[in-house]
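Residue numbering for the sequence shown follows my numbering, beginning at 15 and increasing consecutively. Every residue gets a Cβ at the ideal spot worked out from N, C-alpha and C, and that includes glycine. The structure presented is a predicted model; accordingly, all values stated were derived computationally and were not measured. Structure record follows, encoded as structure tokens.
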Amino acid sequence: MSNGSKVVTSNAPTVAVVGRPNVGKSTLVNRIVGRREAIVEEQPGVTRDRKILDAEWVGRAFLVVDTGGWLRSDESLARQVSLQAERAIDEADVVVLVVDGAVGPTDEDAQVAAILRRSSKPVLLAVNKVDDANRESDAWDFTRLGLGDPVPVSALHGRGSGELLDLIVERLPPEPEVAPGETVAGGGPLPPEDGLGSAEKPFSVAIVGRPNVGKSTLFNRLVGEERAVVHDAPGTTRDTIDTVVETEDGWLRFVDTAGMRRKSRIDEGTEYYSLVRALQAIDRSDAALLVIDATEGVTHQDQRLAERIDASGCAVVVVLNKWDVLSPDDRDDVLTDVADRLAFLSYAPVLKTSALTGRNVTRLLPALFQARDEYHRRVPTRALNEVLQAAQLAHAPPTEHGHRPRVLYATQGATDPPTFTLFTTRELPAGYLRYLERKIREAFSIGPTPIKLRVRRRAARH
């Protein structure tokens with residue numbers, strides 16, 4: 015990135031899991047990390063980007079990189095996926111080549127093996143789909159790949175996974191002595207929340223939007239390297255990818271997500287799990303970059319997604335991508351569309367960018383750090399109550415059934431986002447709560463973060 019930021023995962027060693035499509039790499043990765051993280055589907059090419067996951071075996075922590083299937087092809091997307099796998103090999107400390115024991119050695123297996131022999135990296139050959147002892151002899155056919163003795167495993171059933179993990183740990187580089195606050199070779203202070211340094215976790219930002227609006231291109235711009243596969247076919251990203259980035263103003267964790275379609279348009283299992291993962295990414299993030307294709311304006315699906323972000327309580331920055339290709343008249347129409355359809359996100363900044371050319375992308379980080387500061391915002395209790403009392407004097411709550419509700423007292427109960435508890439004599443109408451929220455936001459200049467108001471009824475003192 016141009017502002018001097020750098021991508022950091024941690025100083026833990028890295029194990030890349032590679033191989034041609036549909037040999038069971040993602041199933042094996044799920045077995046290694048002990049949970050279902052990578053999307054698994056019985057069709058080739060489901061995993062396309064590199065996905066980095068934390069793993070541990072016999073007390074040794076390491077990172078596992080799940081890669082897309084390696085293919086020798088001139089087709090654009092297949093070539094990009096293969097380049098991602100080759101990059102994972104270059105960055106790994108240990109490589110696990112997964113092959114299909116039920117099929118036997120193939121030309122693609124031999125081509126990947128040739129790349130690995132040239133890499134000088136420690137390589138383990140995992141022969142998958144060896145579900146019982148009767149099939150172990152088939153694994154020895156793979157010795158022709160020149161990568162040493164094969165390790166028969168069944169990723170689906172867990173057979174042989176312990177032996178494979180033992181071999182992986184044996185080949186990892188020696189564990190460094192790193193104290194909290196020390197620096198990682200090639201990097202600054204250790205990233206937070208990775209068990210290696212500060213207790214404060216990085217501010218987590220989900221990059222969300224409909225398919226093919228430029229999320230992965232923007233993700234690559236932000237993290238400063240080709241981490242996600244970018245292609246002009248909708249739905250290229252099928253899973254979520256986390257990358258921790260160190261900037262001058264602190265750590266950020268970017269989460270690139272699959273595009274979100276309406277549930278009625280999700281026809282395959284993989285699409286469904288991609289949607290689930292994207293929604294989970296929003297729920298576990300502190301902020302969201304809502305990427306909208308400016309050439310199409312705010313669609314119904316954009317609006318539904320914005321409502322989902324707002325309901326999650328995370329901060330949000332609206333990104334109008336592909337802004338550079340719009341005419342002046344079209345730009346005015348899009349801004350009117352945003353103000354109308356996303357009125358409930360009126361507190362969110364709207365940035366006009368081009369992820370492809372990099373135009374205005376540098377404005378995203380300041381907007382995100384402002385959102386971070388506001389997301390963690392606290393206001394003094396006394397000042398809060400003064401604002402609410404003045405708001406009630408200026409505009410009293412409406413009378414219902416002969417009684418007028420009143421706010422007796424208020425306090426800020428939480429941050430992330432700022433959450434205020436109002437002790438009242440009766441329930442407050444939704445419209446009046448919006449009025450009080452606006453007064454709080456104006457009085458304390460609270461920026462791009464949602465505000466939550468909770469009402470607790472308490473009998474008035476006489």
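What separation, rounded to the nearest whole angstrom, lies between the Cα atoms of residue 459 and residue 406? Residue 459 and residue 406 have their alpha carbons spaced roughly 19 angstroms apart.
Consult DSSP for residue 427 and reduce its assignment to one of helix, strand or coil. DSSP places residue 427 in strand when its eight states are reduced to three.
Going by CA-CA distance only, name the one from 155, 100, 147 and 132 that's closest to residue 114. Considering only alpha carbons, the answer is 155.
In terms of residues, what are the limits of the alpha helix (DSSP H) holding residue 166? For residue 166, no alpha helix (DSSP H) run applies; the uninterrupted beta strand (DSSP E) run containing it begins and ends at 164–166, by DSSP.
Contact check, residue 71 vs residue 179, beta carbons under 7 angstroms: Annotated as proximal: residue 71 and residue 179, with beta-carbon spacing under 7 angstroms.
Sorted by chain position, which residues of the same chain lie with C-beta nearer than 8 angstroms to residue 319's C-beta, five sequence neighbours on each side aside? The beta carbon of residue 319 sits closer than 8 angstroms to the beta carbons of 222, 223, 224, 274 and 304 from its chain, once the five residues preceding and following it are set aside; these are given in chain order.
Going straight from the alpha carbon of residue 358 to that of residue 349, what length do you get? A direct Cα-Cα distance of roughly 15 angstroms separates residue 358 from residue 349.
Using 8 angstroms as the cut-off, can you tell me whether the segment 420–428 makes contact with the segment 321–339, which would need three or more C-beta pairs spanning the two stretches below that distance? No, they do not touch.
Rounded C-alpha distance that separates residue 369 from residue 388: Near 26 angstroms, if we compare the C-alpha coordinates of residue 388 and residue 369.
Does residue 341 pass the burial test, meaning 16 or more other C-beta atoms within 10 Å, or should it be called exposed? So residue 341 ends up on the exposed side.
Inter-stretch contact (C-beta, 8 angstroms, three-pair minimum) for the segment 396–406 and the segment 444–454: Touching, yes, given that three or more Cβ pairs across the two stretches are closer than 8 angstroms.
Taking DSSP's pairing of strands, which residues face residue 437 in a bridge? Residue pairing by DSSP places residue 437 opposite 423 and 470 in a beta bridge.
Measure from the alpha carbon of residue 151 to the alpha carbon of each residue in 118, 128 and 161, then state which is nearest. Comparing alpha-carbon positions, the option among 118, 128 and 161 lying closest to residue 151 turns out to be 118.
Span of the beta strand (DSSP E) around residue 138: Element bounds for residue 138: 137–142.
Please report how far the alpha carbon of residue 445 lies from the alpha carbon of residue 75, in whole angstroms. C-alpha separation (whole angstroms): 52 angstroms.
Distance check for residue 77 and residue 184, CA to CA, integer angstroms please. Rounded to the nearest whole angstrom, the CA to CA distance from residue 184 to residue 77 is 15 angstroms.
For a test of the three-state rule: what should DSSP assign to residue 263, helix, strand or coil? Residue 263: coil per DSSP, three-state reduction.
For residue 232, verify whether its CB is less than 6 angstroms away from any heavy atom of the ligand GDP. Absent from the structure shown: the ligand GDP. Ligands present: none.
Reduced DSSP category for residue 211 - H, G, I as helix; E, B as strand; rest coil: Confidence at residue 211 is low in this model, with a pLDDT of 37, below 50, so its placement is unreliable and the value that follows should be read with caution. Residue state for residue 211 is assigned as coil, using DSSP reduced to three classes.
Status (buried if at least 16 other CB within 10 Å, exposed otherwise) for residue 38: Buried, since its Cβ has 16 or more Cβ neighbours within 10 Å.
Would you call residue 299 buried or exposed, if buried means 16 or more other Cβ atoms sit within 10 Å of its Cβ? By the neighbour-count rule (16 or more Cβ atoms within 10 Å), residue 299 is buried.
Expressed to the nearest angstrom, what Euclidean distance is found between the alpha-carbon atoms of residue 163 and residue 139? Rounded to whole angstroms, residue 163 to residue 139 spans 7 angstroms at the Cα level.
Looking at residue 170 and residue 41, is the spacing between their C-beta atoms short of 7 angstroms? Between residue 41 and residue 170, the gap from beta carbon to beta carbon is short of 7 angstroms.
Whole angstroms is fine: what's the gap from residue 31's alpha carbon to residue 323's? If you draw a straight line from the Cα of residue 31 to the Cα of residue 323, it comes to about 34 angstroms.
Could you compute how far the alpha carbon of residue 392 sits from the alpha carbon of residue 457? Near 13 angstroms, if we compare the C-alpha coordinates of residue 457 and residue 392.
Same chain only: Cβ atoms within 6 angstroms of residue 311, ignoring 5 sequence neighbours per side: Within the same chain, residue 311 has close Cβ partners 348 and 351.
Which residues in the same chain as residue 141 place their Cβ atom closer than 6 angstroms to its Cβ, once the five residues preceding and following it in sequence are excluded? Closer than 6 angstroms at Cβ, skipping near neighbours: 113, 115, 153, 156, 164 and 166.
What number of angstroms, rounded off, separates the C-alpha of residue 237 from the C-alpha of residue 218? When rounded, the distance between both Cα atoms is 13 angstroms.
Does DSSP put residue 453 in a helix, in a strand, or in coil? Three-state result, residue 453: helix.
Nearest to residue 168 by CA position, among 147, 29 and 461, is which residue? In this structure, 147 is the residue among 147, 29 and 461 with its C-alpha nearest to the C-alpha of residue 168.
Does the distance from the C-beta atom of residue 34 to that of residue 100 stay below 7 angstroms? No. Outside cutoff.
Whole-number beta carbon distance between residue 463 and residue 410, since they are thought to touch under 8 angstroms: Your pair residue 410 and residue 463 does not check out as a contact, with CB atoms roughly 28 angstroms apart and the cut at 8 angstroms.
Just to confirm, are residue 439 and residue 468 a CB contact at a threshold of 7 angstroms? The answer is no: Cβ separation not under 7 angstroms.
Whole-angstrom distance between residue 295 and residue 302, CA atom to CA atom: CA-CA distance, residue 302 to residue 295, rounds to 9 angstroms.
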